Every structure is written in structure tokens, then in C-alpha cells.
Amino acid sequence: MRLRFVLSETAKGMYRNLAMTVSVILVAFVSLLFVGASSLLQSQISTMKGDWYDKVEVSVYMCPKSSASSNCANGEATAAQISEVENLITSGAPSGYVKSYQMETKAQAYQNFMKAYAKSAVGRNATEDMMPVSFRIKLKDAENYKLVAEQFEGHSGVERVVDQRSTLEPLFLVMNRASWITGGLATIMAVAAVLLISTTIRLSAMSRSRQTGIMRLVGASNLFIQLPFILEGVIAALTGAILAVATLWLGVRYVVEGWLASSISFTSAFISTRDVLLLSPWLILAAVALAAVSSALSLSKYTRI
1 MRLRFVLSET AKGMYRNLAM TVSVILVAFV SLLFVGASSL LQSQISTMKG
51 DWYDKVEVSV YMCPKSSASS NCANGEATAA QISEVENLIT SGAPSGYVKS
101 YQMETKAQAY QNFMKAYAKS AVGRNATEDM MPVSFRIKLK DAENYKLVAE
151 QFEGHSGVER VVDQRSTLEP LFLVMNRASW ITGGLATIMA VAAVLLISTT
201 IRLSAMSRSR QTGIMRLVGA SNLFIQLPFI LEGVIAALTG AILAVATLWL
251 GVRYVVEGWL ASSISFTSAF ISTRDVLLLS PWLILAAVAL AAVSSALSLS
301 KYTRI
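Under full-length UniProt numbering, residue 305 is the last one in the sequence shown; the count climbs by one each step, no gaps.
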């Protein structure tokens, strides 16, 4: 009987304040959508970092016959200089960081160059003798790429050192900033949701002050009086959370797994709907806790015995 009464009062309160209830649902939906998007973006960054950094190589290019580099003033790298660099990779200071390496000869470099530029003017004028000998070094831990690169920069016979990670850092920086902006917007929207829930519940309590006064006179407890109002906020926030989870799931399913995964061929490191399902309980729990606490605090003045 008591449960039926509480649920009945909750439904009546939500119906009487329908506009405010819809506002709470929308604000909770948008704020939790931003929170979820920020969290998923961070997961995407971590996934891509883990996949791409495993493939990062440090490329050491030896001096070719003609080079404008000041380190190649003495001309093409000699066999002794090439051997010295290889020994540095296998048994020198950087060897502890090296997982594997591959030496690319002039002939191999020419073949790879022609595959990409055979039909261009540059390709038609290129010769095998113009190609540099190079070493492609795969690291045990991509975080050590600077330590390894520094060992070869300025080394005798080395024209330049290229680390692929330096090309990825700007991309991850942009993605991290986007995640911070999303997180900031989520915080603002969460504050707005708390204020709106508090206001809605106060208006509901004020509009039913006569009824709650009668309940106090007949000895109803604080919890019994406040429960319908708290449930109003919780149900509205919970509805917003479910809508946010559904939107995130659809976004990942059709945009990330569907469109991006099929459109981008150079990586398969994408988040999945499983990440959304793992995140969803936390979003729902946050919505319920936020609504319950803000509702309870806002009711203390209007419904206490």
C-alpha cells in the first residue's frame, strides 16, 4: 500500500511538472552524453596509442651520393660507417632498447621507391645509386624513441634520423585536447543538471506543501515524505542516462565500427560497443546518485518534520 502510494505521488508530481521533468531529462542526457563521449575518446586514444606505438620505427638514413646535409660533407657513407652504425644497433648503447632491425640496401630502397613513384617525373629520373642505405629499428618500448634517436643523430655517415612517433604526437595532442574540452563541457552540464534537478524538486515540494504538511501531522517519516520527490529526480535523470547510453552505443556501432572502421585502412584500432556497455553502468550509477543526492539536499527545507 505504501509503495503504491509513493509511486502514485511520484507519477502525479512528474505529470504536474512535465515541462521541468523533460528539461531534467534533456540536461541529464546531454551532460552524460558529454561525459561518456569524453571517456570513450580517452579509450580511443589509448587504443590507438597501444596499436600505433607498437609499430613505431626509428629510421636511420645513411648519407647518399648527393646530399645537402652538413653531416654528409664528406660524401656518401662508407662501408665502414654503415658497419659502425649496424654494430651500434646490435651491441652499442641503444641495443638494449632495440627489439629488431632491418637494413635496407640501395637496391631494396630503389625497388620500394619505384613502387610508389614509378610513373612520376621523379621516379623516371631516379637511379639506384641515388638511394641511401638505411636501417629500420623497431623498439621494445616506443617511449624510448628519443633515447635511441639521439644515439644516431650527428653520427658519422648518418644523413638524418626519422622517428615515426614524432608524426603521431600532434594527432594525439589534438585528440587529447578534444577530450579535455568535452570533459569540461560535461562538467558544466553536470552542474546545470544538479541545479535544474534541485529547482524542479523544490517547485514540486512547494506546490504540494499542504499535502506534505498533513503527512507530517499524521506522523509520516522524513523518508516517506521525501521519497516521491527524490524518485521524480532519479527517474528523470535515469531516463536521461539511458538515452545517453543508447546514443553512445548507436554512435559507436554505426559511426566508429561501421563507417570509420571500413573507411580507414591504415589501422584497426577502434573502440567497440563493448566499451560502451562497460561504461554504461557507471553513467547510470552517476545519474542516479547525482539526482538522489541533489534532490535530498534540496528537500531538507521544505519537507523536514
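No residue lacks a Cβ here, since even glycine has one placed at the ideal position from N, Cα and C.
All values derive from a computational prediction rather than experimental measurement.
Return the CA-CA distance between residue i and residue j, expressed in angstroms with no decimal places.
i	j	result
residue 283	residue 291	12 Å
residue 150	residue 144	10 Å
residue 109	residue 177	38 Å
residue 243	residue 189	16 Å
residue 173	residue 260	20 Å
residue 46	residue 95	27 Å
residue 272	residue 171	21 Å
residue 180	residue 18	34 Å
residue 308	residue 201	With the chain represented from 1 up to 305, any question about residue 308 goes unanswered, as that position is not in the structure.
residue 20	residue 192	13 Å
residue 262	residue 229	48 Å
residue 122	residue 111	14 Å
residue 231	residue 293	11 Å
residue 113	residue 163	19 Å
residue 258	residue 142	30 Å
residue 90	residue 100	9 Å
residue 82	residue 175	39 Å
Return yes when the Cβ of residue j is within less than 9 Å of the Cβ of residue i, no when it is not.
i	j	result
residue 161	residue 61	yes
residue 295	residue 233	yes
residue 58	residue 136	yes
residue 23	residue 238	no
residue 92	residue 245	no
residue 97	residue 140	yes
residue 297	residue 198	yes
residue 132	residue 67	yes
residue 56	residue 146	no
residue 124	residue 116	no
Could you pull out every residue in the same chain whose Cβ sits closer than 6 Å to the Cβ of residue i, ignoring the five residues on either side in sequence?
i	result
residue 153	161
residue 63	72, 76, 77, 157 and 159
residue 104	134
residue 102	136
residue 276	248, 249 and 252
residue 16	none
Can you list, in chain order, the residues of its chain whose CB lies under 8 Å from that of residue i, leaving out five sequence neighbours each side?
i	result
residue 26	240
residue 129	65 and 106
Does DSSP put residue i in a helix, in a strand, or in coil?
i	result
residue 219	Low local confidence applies: a pLDDT of 49 at residue 219 is under 50, so the model's placement there is unreliable, and no value is given.
residue 85	helix
residue 34	helix
residue 201	helix
residue 153	coil
residue 100	strand
residue 163	strand
residue 62	strand
residue 270	coil
residue 106	helix
residue 69	coil
residue 76	coil
residue 119	coil
residue 319	In the structure as shown, the chain starts at 1 and stops at 305, and residue 319 therefore has no counterpart that could be examined.
residue 140	coil
Does the beta carbon of residue i come closer than 9 Å to any beta carbon on chain D?
i	result
residue 279	As a matter of chain content, chain D is missing from the structure shown, which is built from one protein chain.
So does residue i have its beta carbon nearer than 8 Å to some heavy atom of the ligand COA?
i	result
residue 138	You won't find the ligand COA in this model; it holds no ligand whatsoever.
Within the same chain, show all residues whose beta-carbon is closer than 7 Å to that of residue i, passing over the 5 residues directly before and after it, in chain order.
i	result
residue 256	270 and 271
residue 288	234, 237 and 238
Stretch pair the region 181 to 191 + the region 22 to 33: three plus CB contacts closer than 8 Å: Contact between the region 181 to 191 and the region 22 to 33 is present, because at least three Cβ pairs lie under 8 Å.
Inter-stretch contact at 8 Å, needing at least 3 Cβ pairs: the region 32 to 44 / the region 232 to 252: yes
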